[in-house]
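Some notes on the structure that comes next.
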Amino acid sequence: MSDGRRITLARMQTGQSGTIVQIQGGHGLINRFNSLGIRPGKRITKASSMIMRGPVTIEVDRAQVAIGFGMARRIIVELDEVIA
Amino acid sequence: MGSPNVGKSVVFSRLTGVHVIASNYPGTTVGYTRGFMKLGEERAEVIDVPGTYTLEPTSEAEEVASRMLNTGDVVINVVNATNLERNLYLTLQLLERDIPVVVALNMWDDTRHRGIHIDLDKLRELLGVPVIPTVAVTGQGIKELVESIPNATLPDTLVRSRDERWTTIGSIIDQVQRVTHRHHTWQERLGDASVKPLTGGIIALAALASAFMVIRLIGESLIGYVLEPLFDNLWAPVILRLSDLLGGGGFLHDIVIGKIAGGEVNFVESFGLLTTGLFVPFGMVLPYIIAFYLVLGLLEDIGYLPRLAVLMDTIMHRLGLHGYAIIPTLLGFGCNVPAVLATRILESKRERFIAATLISIAIPCAALQAMILGLVGQHGVQYVAIVYGTLFVVWIILGIIMNRAVKGFSPELLIEIPPYRLPSWRAVLQKLWMRVYGFLVEAIPIILGAVLVINVLYFLRVFDAIANVTAPVVTGLLGLPKEAVTAIVIGFLRKDVALGMLAPLALTAEQLVVGSVVLAMFFPCIATFVVLLRELGVVNLLKAVGIMIIAALVVGGILNLIL
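Line order of the protein sequences matches chains E and W.
To convert, note that position 19 of the first sequence is 163 in my numbering; the numbers rise steadily by one, no gaps.
To convert, note that position 91 of the second sequence is 1350 in my numbering; the numbers rise steadily by one, no gaps.
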């Protein structure tokens, strides 16, 4: 399924999907992410991103979450394999 | 208790019959409301608390929720059935506490068309507490929920770590939930479009422009076709008769009726309790209150506001805030009091200070806006535009300054975006009525009180004394006649009445613009002042007030120079 490429959520393209492998941050940040369903092992799809380092919107478990750009850089995602 | 935006307030209204404001965005409820319900033969107290994802709070609103937990005998944990997995984290934390729990699996009707199947019996067995499927907006399952409360149980009290809880949740989900694939709905497509830069920007502009136009259309129609005819044709003859009965003049006459010239009642300028005192709230402000809150209620219930927050995030960061601060700001266009309270959804003290100060300076409430449209609008739309434009520029510049000057940094946006929903008319109208009723009972006594105080102070010639002392500032700096200071003083009570006081002074359009802007910025009205004190504390309130006075004088002075 995955092509093994790991990038941050901030650098993902709109429409790309992948699996969260790691969240870099302190206890508090991880707790806040967790409570919104954002945890390692979760499949996500990037729904949109705003210009000028605005927030990133992702889809996780059929729900949408908006994440500030700086926070999105702390989420490491393993991209799904793209069938050309 | 439950996570944000799962429908706790709707369940609460269903249980108690007490209506509380409910909307389709996380963080609608920031304080708690008490109500009573019948439980068998007993009367039981029910408390509606703000939503929280965990029992480790990250904002003032969540803090309120955690504190309230310790005061209850039974917790009704409202859970969003379409998002079971992440909602269960709080459920597990609650189960670890020493308090019986019932789970209301709300939005149950949504699970079916989202392709989610939940095995209720299995879930009950695994959690060890009653689990009742509910659809709070229609009332489905509420009776069963009430019946289950006496059966609320205290299950295992095993305290787990964070990771252990997530493992447990994973295994529960595996056993009870099955999700089948289904296609995207048009609401979801529209939802995606409204958070993309280009389409989102277009949607935002269209939404805000049509909101503004609808508000004006409703407001003006209500005034032109309903309220002005009522006052002119029905109420004016009564006033004239009463004026005759009171002898056409004197202290009592002036307080009750005000000044009457040429056998005609001027409801705006006469300034009696039964003339201006009634016309300002009912004939000028109420129509716009109705129009504004109808449109706001629709935007809230559709679920548009969190999307606007995403779009505005980059701009708001320049002001030391993040996108979610747009929600209290929009509420401020109705009334600054709930707006300042709503800043509780922001995470840090710094953000709350900046947001509350900006709201009380640069966001005119519906009452003040109605008067601006009514009085300044007579001279032409361009003058109204100058007032709004100036306040907008003040909002931006002051925000940038505070972002630099106030220590600390602003946290980033992290919010759940609810699905778009078609609002129910019943719910929208009920919310509208609550807000209109709130205006009627809270504002009208103060408006009448303000008119009374104005008359007494005029009679005692107090205003003349104040006017002479402040003349250098009011006339010299702001270019207003010295009597205009009375309006600024009364602005502390009600801004709508205050702006009304400028009407008899025969000001030019430019002077009205200066007056409107200064009144909007100068000082919060007493109701806002009280919540600011409570929410910010004395020191920060004084800072905020200092900023307001300086900003109002500077901006008023500049406007006077350039207009």
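Ideal placement from N, C-alpha and C gives every residue a C-beta, glycine not left out.
When you compare only the Cα positions, how much space is there between ASP1378/W and GLU1384/W?
10 Å
If you compare alpha carbons, which of HIS1278/W, ASN1342/W and LYS1518/W is closest to ARG1694/W?
The candidate whose alpha carbon is nearest that of ARG1694/W is HIS1278/W.
Backbone secondary structure at LEU190/E - three-state DSSP
The sequence given here places Lys at residue 190/E; Leu does not occur at that position. The answer is strand: DSSP assigns LYS190/E an E or B state.
Listed from N- to C-terminal order along the chain, which residues in the segment 1658–1678 of chain W have their beta-carbon within a distance smaller than 9 Å of any beta-carbon of chain E?
PRO1670, GLU1671, LEU1672, LEU1673, ILE1674, GLU1675, ILE1676, PRO1677 and PRO1678
By how many angstroms is the C-alpha of LEU1567/W removed from the C-alpha of LEU1589/W?
11 Å
If you draw a straight line from the alpha carbon of VAL1773/W to that of HIS1512/W, how long is it in whole angstroms?
Cα to Cα, VAL1773/W sits roughly 32 Å from HIS1512/W.
Residue nearest to VAL1646/W in terms of C-alpha spacing, selected from LEU1771/W, PRO1496/W and PHE1722/W
LEU1771/W
Name the residue from PRO1731/W, ILE1703/W, MET1260/W and VAL1744/W whose alpha carbon lies nearest to the alpha carbon of TYR1717/W.
Relative to TYR1717/W, the option among PRO1731/W, ILE1703/W, MET1260/W and VAL1744/W whose CA is nearest is VAL1744/W.
With burial defined as no fewer than 16 other Cβ atoms inside 10 Å of the residue's Cβ, what is the status of GLY1692/W: buried or exposed?
As written in the sequence, residue 1692/W is Trp, which differs from the Gly given in the question. It is exposed - the Cβ of TRP1692/W has fewer than 16 other Cβ atoms within 10 Å.
7 Å CB neighbourhood of ALA228/E in its chain, flanking five on each side removed
Caution is warranted here: a pLDDT of 48 is assigned to ALA228/E, below 50, making its placement in the model unreliable, and the coordinate value is therefore given only provisionally. Here the set comprises nothing.
Alpha-carbon spacing of VAL1814/W relative to VAL1777/W, whole angstroms
8 Å
Applying a beta-carbon distance threshold of less than 8 Å, which residues of chain E neighbour TYR1213/W?
One cannot answer for residue 1213/W here, as it falls past the ends of chain W, which runs 1260 to 1822.
For the alpha helix (DSSP H) that contains HIS1376/W, what are its first and last residues?
HIS1376/W -> not in any alpha helix (DSSP H); beta strand (DSSP E) instead, spanning 1375–1377.
Closest by CA to LEU1449/W, which one among ARG176/E, ALA191/E and MET196/E?
ALA191/E
Please return the same chain residues whose Cβ sits closer than 7 Å to the Cβ of VAL204/E, not counting the five positions on each side in sequence.
GLY181, ILE182, LYS186 and ILE188.
Option in GLN160/E, LEU153/E, SER161/E and GLY159/E with minimal Cα separation from ILE167/E:
For ILE167/E, the nearest C-alpha among the options comes from LEU153/E.
Would ASN1595/W and THR1787/W be called neighbours here (beta carbons separated by less than 8 Å)?
yes
Simplified DSSP assignment, three categories, for GLY1521/W
coil
Quick one: which chain W residues come within Cβ less than 7 Å of SER192/E?
Here the neighbours are ASP1451, VAL1454 and LYS1455.
Measuring alpha carbon to alpha carbon, tell me which residue in TYR1583/W, GLU1355/W and TRP1425/W is nearest ASN175/E.
TRP1425/W
Taking only beta-carbon positions, decide if MET196/E is within less than 8 Å of chain W.
Yes, MET196/E counts as interfacial toward chain W.
Residues of chain E with a CB under 7 Å from the CB of GLU1315/W: which are they?
ASN175
Determine, using beta carbons only, whether ARG1419/W comes closer than 8 Å to chain E.
no
Rank VAL1388/W, ILE1358/W and ARG1356/W by C-alpha distance to the C-alpha of LEU1364/W and give the top, closest one.
VAL1388/W
Can you tell which of ALA1629/W, ALA1520/W, MET1260/W and HIS1372/W has the C-alpha that lies nearest to the C-alpha of PRO1763/W?
ALA1520/W
What distance in whole Å lies between the Cβ atoms of VAL1599/W and ILE1618/W, which are believed to be in contact at a cut-off of 8 Å?
6 Å
Where does ALA1303/W sit, in a helix, a strand or coil, going by DSSP?
strand
Residue burial classification, HIS1376/W (beta-carbon count within 10 angstroms, cutoff 16):
exposed
Of the residues that make up the segment 197–214 of chain E, which ones have a beta carbon closer than 8 Å to any beta carbon in chain W?
Within the segment 197–214 of chain E, the residues whose Cβ lies closer than 8 Å to some Cβ of chain W are ARG197, GLY198, PRO199, THR201, ASP205, ARG206, ALA207, GLN208, VAL209, ALA210, ILE211, GLY212, PHE213 and GLY214, listed in chain order.
Can you give me, in chain order, the residues of the segment 1566–1593 of chain W that have a beta carbon less than 8 Å from any beta carbon in chain E?
ALA1568, VAL1569, LEU1570, ASP1572, THR1573, HIS1581 and GLY1582
Return the chain-ordered list of same chain residues with a C-beta closer than 8 Å to the C-beta of LEU1417/W, the five sequence neighbours on each side being excluded.
The answer, listed in chain order, is GLU1355.
I need the boundaries of the beta strand (DSSP E) containing MET1366/W, first residue and last residue.
Per DSSP, MET1366/W belongs to no beta strand (DSSP E) and is neither H nor E.
Residues of chain E with CB under 8 Å from ARG1373/W, in chain order?
Chain E residues near ARG1373/W: ARG206.
What are the complete beta strand (DSSP E) segments, minimum 3 residues, inside the segment 1313–1373 of chain W?
Fully enclosed beta strand (DSSP E) runs of 3 or longer: 1334–1339 and 1360–1365.
To the nearest whole angstrom, what separates the beta carbons of ILE1391/W and VAL1333/W, a pair I think is in contact under 8 Å?
With a Cβ gap of about 13 Å, ILE1391/W and VAL1333/W do not count as contacting.
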